[in-house]
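One structure is given below, encoded as structure tokens.
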Amino acid sequence: MNSMRSLVRQAAKPLAYNTFAKRTISSSRAALSDAIFVHRDTPNNNPKLLFEFNAENQKRITEILKKYPEQYKKAAIMPLLDLGQRQLGFTSISVMNEVARLLEVPPMRVYEVATFYTMYNRQPVGKYFLQLCTTTPCQLGGCGSTKILQTLKSNLGIEVGETTKDGQFTLVEVECAGACVNAPVMAINDDYYEDLTPETTEKLLENLKANKPITPGPQTGRHTCEYAPGKYTTLNAEPYGPGFGVRADL
1 MNSMRSLVRQ AAKPLAYNTF AKRTISSSRA ALSDAIFVHR DTPNNNPKLL FEFNAENQKR
61 ITEILKKYPE QYKKAAIMPL LDLGQRQLGF TSISVMNEVA RLLEVPPMRV YEVATFYTMY
121 NRQPVGKYFL QLCTTTPCQL GGCGSTKILQ TLKSNLGIEV GETTKDGQFT LVEVECAGAC
181 VNAPVMAIND DYYEDLTPET TEKLLENLKA NKPITPGPQT GRHTCEYAPG KYTTLNAEPY
241 GPGFGVRADL
């Protein structure tokens, strides 16, 4: 009996081995970030290039710090990084170090903030920073963000994550801009441009190239997020009154 069990076990071993050896683990492709989260010295971004806030921003910093108790002034890291980025054009390692010095915190505390929030550009960007939302609502809304992306790449001659040779435009994709009802949406610097079509996108770009003013908001003529010009409701008939569908004996 024991010998029979041994024979069965030995016969089963190759089968089990082959079965498990052939099993593979499948997973989706890892998503890659547009930027790495570590610093690499470059000619235009290294600690030797010292940064100092100009007189106007120093006054702003004084006002910002008044909002926080002395022992909690590290809470001003974000607004000071924003000031530095607006002055220099991007958040360099020297901007971070200067913010750390002013707030008397370890530089790592500032690095942690700058690498967490995508609003801080740690590499130089163009004069016009184009952030196109390509999340699902913008892909489905209107003509779809895919067509807008194709228009941008075709007009500017660059790919996502690149800057035009003249340094005027930088193009990136972003996740949900929070303006789904006005999809597709693109942010240009601080302002949103909504309800985009390939035609209105081309017009925006050409006006920027010609240094002409552009108007933020919906590009279709509607006001903010109203349903459509001249239409102020999605209802097609009078709404049901109180008690609709309720039993009469209740």
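Residue numbers for the sequence shown follow the working numbering, beginning at 1 and rising by one.
Backbone N, C-alpha and C fix where the C-beta goes; we use that ideal spot for every residue, glycine too.
On a predicted model such as this, the values are computed, not experimentally measured, just so you know.
Bounds of any beta strand (DSSP E) do not take in C225, whose DSSP letter is neither H nor E.
Rounded to whole angstroms, V181 and G217 show a C-alpha spacing of 12 Å. Here L49 has S92 and S94 as same chain residues with Cβ atoms under 8 Å from its own Cβ, once five neighbours each way along the sequence are excluded. Between V160 and E173 the beta-carbon gap is near 5 Å, inside 8 Å, which marks them as a contact. Note on L204: 16 or more other CB atoms within 10 angstroms of its CB, so buried under the neighbour-count rule. Taking C-beta atoms as the reference points, N44 and P124 count as a pair closer than 8 Å. When DSSP states are grouped into helix, strand and coil, C143 belongs to the coil group. Nearest C-alpha to K153 among C138, E202, Y117 and V110: E202. The beta carbons of Y120 and L81 sit about 6 Å from each other, so the pair counts as a contact at 8 Å.
Using a 10 angstroms sphere on the CB of G167, the tally of other CB atoms stays under 16, which defines it as exposed. P239 and G142 have their C-alpha atoms spaced approximately 27 Å apart. In the structure shown, A187 falls within a strand segment according to DSSP collapsed to helix, strand and coil. In this structure, the alpha-carbon of G221 lies about 21 Å from that of P137. In the displayed model, G84 falls within a helix according to three-state DSSP.
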